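*Asks:* Residue numbers (the working numbering): 463 to 692. Even for Gly, the Cβ is constructed at its ideal location relative to N, Cα and C. The structure displayed is predicted, hence computed values, not measured ones.
#1: Quick check: what's the CA-CA separation for residue 546 versus residue 534?
#2: Ordered along the chain, which non-local residues of its own chain (more than five positions away) have a Cβ less than 6 angstroms from that of residue 561?
#3: Pick out the complete beta strand (DSSP E) segments inside the segment 605-656, 3 residues or longer, and give them in chain order.
#4: Can you pull the DSSP bridge partners for residue 539?
#5: Suppose only complete runs of 4+ residues qualify. What are the alpha helix (DSSP H) ranges in the segment 552-600, listed by chain order?
#6: For residue 667, which residues does DSSP report across the bridge?
#7: Alpha carbon to alpha carbon, how far is residue 630 from residue 484? Give it in angstroms, no decimals.
#8: Is it buried or exposed, residue 500, if we count other Cβ atoms within 10 angstroms and call 16 or more buried?
#9: Can we say the segment 591-607 touches the segment 542-556, given the rule of at least three CB pairs closer than 8 angstroms?
#10: Assuming residue 512 is part of the alpha helix (DSSP H), what are its boundary residues?
#11: Taking all protein chains shown into account, do 16 or more other C-beta atoms lie within 10 angstroms of the C-beta of residue 625, making it buried, or fewer, making it exposed?
#12: Give me the Cα-Cα distance between residue 559 and residue 543, rounded to the nearest whole angstrom.
#13: Considering only the alpha carbon of each residue, which of 474, 524, 490 lies closest to residue 505?
#14: Using beta-carbon positions only, say whether residue 691 and residue 465 come within less than 7 angstroms of one another.
#15: Per DSSP, which residues does residue 491 bridge with? Please list them.
#16: Smallest Cα separation from residue 537: which of 621, 577, 508?
#17: From what residue to what residue does the beta strand (DSSP E) around residue 499 run?
#18: As a quick exercise: from 682, 689, 604, 686, pick the residue whose alpha carbon is nearest that of residue 497.
#19: With a Cβ-Cβ cutoff of 7 angstroms, do residue 647 and residue 668 count as a contact?
#20: What residue range does the beta strand (DSSP E) around residue 689 cover?
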């Protein structure tokens, strides 16, 4: 049974270095490597460089997911959000693009799904209704469908922002607020997400839905990493 460790929303912190990668079967970074209230640009850049090096050292063990703060540099000048650092943008954009193939939107094992913010029922219904491109992958695992969409001109559908976060639609898998996922969970999956800071890890079963949400973004309050065995 694989042991999985998640590292969420580091925003330039190096607390991930406290992890011993040896006993884990998977280490999943849940995104948001950049932008910070306190860390200087060079620290953020160096930290991301070292995370990329960890992925290169353990290519089958480490997974690097994208967060909403990351895509505004990877796909600059599109998909902006708060915390953007114009002076850091050229270097971060170059770094993300150089290692583009190391980053994905989602990772999945059986019905355990890892994304930055989570999938809601409304977003899932909307993207299937409005994207023939997306529907063609209906028989593939869910994470593979999301990762495939990110390689098309319709990737913007992954990055919709809900009203609770200042947008005009429901939030997609990089932007959904925890209030959206709690009220409108996609049933049948155990989702592990970051994005919305939490004082402690929070596991919420879906009533009658055969799934759950686990919120793991705690690094703004304490250096801890969520571990599970699937």
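*Replies:* On the basis of the coordinates in this document:
#1: If you number the chain shown from 1, residue 546 lands on position 84. If you number the chain shown from 1, residue 534 lands on position 72. Cα to Cα, the separation comes out at about 8 angstroms.
#2: As a first step, residue 561 must be located in the chain shown, where it is residue number 99. Result list for residue 561: 514, in chain order.
#3: 652-655
#4: Here residue 539 corresponds to residue number 77 of the chain shown, with the count starting at 1. Paired residue(s): none; residue 539 is not in a bridge.
#5: As for any alpha helix (DSSP H) of minimum length 4 sitting wholly inside the segment 552-600, the runs are 583-592, 594-597, ordered along the chain.
#6: Looking up residue 667 in the chain shown gives position 205. 674, per the DSSP bridge assignment.
#7: Counting from one through the chain shown, the residue named residue 484 turns up at place 22. Counting from one through the chain shown, the residue named residue 630 turns up at place 168. Distance between the alpha carbons of residue 484 and residue 630 is about 44 angstroms.
#8: Locating residue 500 in the chain shown gives position 38, counting from the first residue. With fewer than 16 Cβ atoms within 10 Å of its Cβ, residue 500 is classed as exposed.
#9: no
#10: Within the chain shown, the letter at position 50 stands for residue 512. That run of the alpha helix (DSSP H) goes 503-519.
#11: Position 163 of the chain shown, counted from the first residue, corresponds to residue 625. Exposed, because fewer than 16 other Cβ atoms sit within 10 Å of the Cβ of residue 625.
#12: Position 97 of the chain shown, counting from 1, holds the residue named residue 559. Position 81 of the chain shown, counting from 1, holds the residue named residue 543. In a straight line, the C-alpha of residue 559 is about 19 angstroms away from that of residue 543.
#13: Here residue 505 refers to the residue found at position 43 of the chain shown. Closest option to residue 505, Cα to Cα, is 474.
#14: One-based indexing of the chain shown puts residue 691 at position 229. One-based indexing of the chain shown puts residue 465 at position 3. Yes. Within cutoff.
#15: Counting from one through the chain shown, the residue named residue 491 turns up at place 29. In DSSP, residue 491 forms a bridge with 469, 526.
#16: Taking the first residue of the chain shown as 1, we reach residue 537 at position 75. Measuring from the Cα of residue 537, the nearest candidate turns out to be 621.
#17: Along the chain shown, read from residue 1 onward, the residue named residue 499 stands at position 37. If you look at residue 499, you'll find it isn't in any beta strand (DSSP E); DSSP assigns it neither H nor E.
#18: In the chain shown, residue 497 corresponds to position 35, counting from 1. Comparing Cα positions, the closest option is 682.
#19: Position 185 of the chain shown, counted from the start, is the residue given in the question as residue 647. Position 206 of the chain shown, counted from the start, is the residue given in the question as residue 668. The answer is yes: Cβ separation under 7 angstroms.
#20: Here residue 689 corresponds to residue number 227 of the chain shown, with the count starting at 1. Here the beta strand (DSSP E) through residue 689 covers 688-691.
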